[in-house]
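Novice: Before I ask anything, let me first share the structure, which is written out below as structure tokens.
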Amino acid sequence: MNPNNNRLYNDLAWAWPIISPPEDYVEETHFLTRVIKEYSRIDVNSLLHLGCGGGHNDYTFKTFFSVTGCDTSDNMLELARTLNPEITYVKGDMRSVRLEKSFDAVVIYDAIDYMTTPEDLKRAFQTAYTHLRPGGVFLTVVEDLPERFIQNKTEFSIRSQDDIEIVFIENKYDPDPSDTTFEYTFVYLIRRHGNLEIHTDRHICGIFTLDTWITLLEETGFDVTQQKFEHSTFAEGESYPLMVSIKPVMD
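Going by the numbering used here, the sequence shown runs without a break in its numbering and finishes at 236.
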């Protein structure tokens, strides 16, 4: 693996609670919780969070559900266990993990971005379906679509904690719009006591048409409804497709 790839989940994982603290996730997690409760056909007590990262959504989810989190990154799981010691965390790949347990709801949030082929995307959906009780809800968000992708879209944030200040820059670039991947590059300007470190971190993410998402979810066996994911930080009128997928109750 290129040493400049996926560093957020390895040597730079320590920076994530500074760049994107758990408090930033409260609004979106409350929204996801409302959707789960609205659409579920069963009582929702347990939730499986695939691709849980550092547990920042779980910090709020745990006030509503008994949460189990799963991720591939040991560094992120360590952060999650520190933040949420009462939650069960397991290491596993959302494409293949099998926990031999069922849940009332399943969520895959932005970690779904790392599925780079339709086959990977469907395998993640199959994992969600396998772990979901009939009548339960699976939620996932579509952040990027080919028709609305902005080449070289760049955003930044500035956060600090104690003597550390981090300027975090995000850039999205698609070198080949005909395939199903794009480059998502992070640049970290980290100052400790005023001394500057510059780090580059390259990620490869997937991008698919909305029809592909819906078709793969339906092929997996879900009944699919599309809602709008909105947030107070979005521009006026901006939203992401929120895929609300229900596992049918068999007669």
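Every residue, glycine too, gets a C-beta built ideally from N, C-alpha and C.
For the region 105 to 121 and the region 214 to 233, state whether three or more C-beta atom pairs, one from each stretch, are separated by less than 8 Å.
Specialist: Output reads yes: the region 214 to 233 touches the region 105 to 121.
Novice: I'd like to know whether the C-beta atoms of Gln146 and Ile27 end up nearer to each other than 8 Å.
Specialist: Not in contact: Gln146 and Ile27 (Cβ atoms no closer than 8 Å).
Novice: Quick one: what's Thr102 bridged to in DSSP?
Specialist: Answer is none; Thr102 lacks a bridge partner.
Novice: Identify the residues that DSSP records as bridge partners of Leu181: which are they?
Specialist: Bridge partners of Leu181: Arg176.
Novice: Assuming contact is defined by CB atoms lying nearer than 8 Å, are Pro162 and Pro131 in contact in what I supplied?
Specialist: Yes.
Novice: Tell me, please, which residues DSSP counts as bridged to Val122.
Specialist: Answer by DSSP bridge pairing, in chain order: Ala90 and Ile231.
Novice: Could you check where the alpha helix (DSSP H) with His15 kicks off and where it finishes?
Specialist: Start and end: Val11 to Tyr24.
Novice: Using the Cβ count rule (16 or more neighbours within 10 Å means buried), how would you classify Arg19?
Specialist: The residue in question, Arg19, is exposed, as its Cβ has fewer than 16 Cβ neighbours within 10 Å.
Novice: So for Asp164, helix, strand or coil by DSSP?
Specialist: Coil.
Novice: Look up Tyr74 in the DSSP assignment and give the residues it is bridged to.
Specialist: Tyr74 is bridged to Gly54.
Novice: Cβ of Asp89 within 8 Å of Cβ of Gly40?
Specialist: For Asp89 and Gly40, no; Cβs fall outside 8 Å.
Novice: Rounded to the nearest angstrom, what separates Glu223 and Val92 at their Cα positions?
Specialist: If I take the Cα positions, the gap works out to 22 Å.
Novice: For Arg66, which three-state DSSP category applies?
Specialist: Of the three classes helix, strand and coil, the one that applies to Arg66 here is helix, per DSSP.
Novice: Does Leu35 pass the burial test, meaning 16 or more other C-beta atoms within 10 Å, or should it be called exposed?
Specialist: That one is buried.
Novice: Using 8 Å as the threshold, is the C-beta distance between Asp56 and Cys37 below it?
Specialist: In contact: Asp56 and Cys37 (Cβ atoms closer than 8 Å).
Novice: Using only CA atoms, which one of Ala109, Thr197 and Glu182 lies nearest to Asp95?
Specialist: That would be Ala109, whose Cα lies nearest to the Cα of Asp95.
Novice: Measure the C-alpha to C-alpha separation of Lys213 and His178 and round it to an integer number of angstroms.
Specialist: Going by the C-alpha atoms only, they are around 43 Å apart.
Novice: Who are the near neighbours of Met(-14) in its chain, counting only those whose CB is closer than 8 Å to its CB and skipping five residues on each side?
Specialist: Bear in mind that the predicted position of Met(-14) carries a pLDDT of just 49, short of 50, making it too unreliable to give a figure here.
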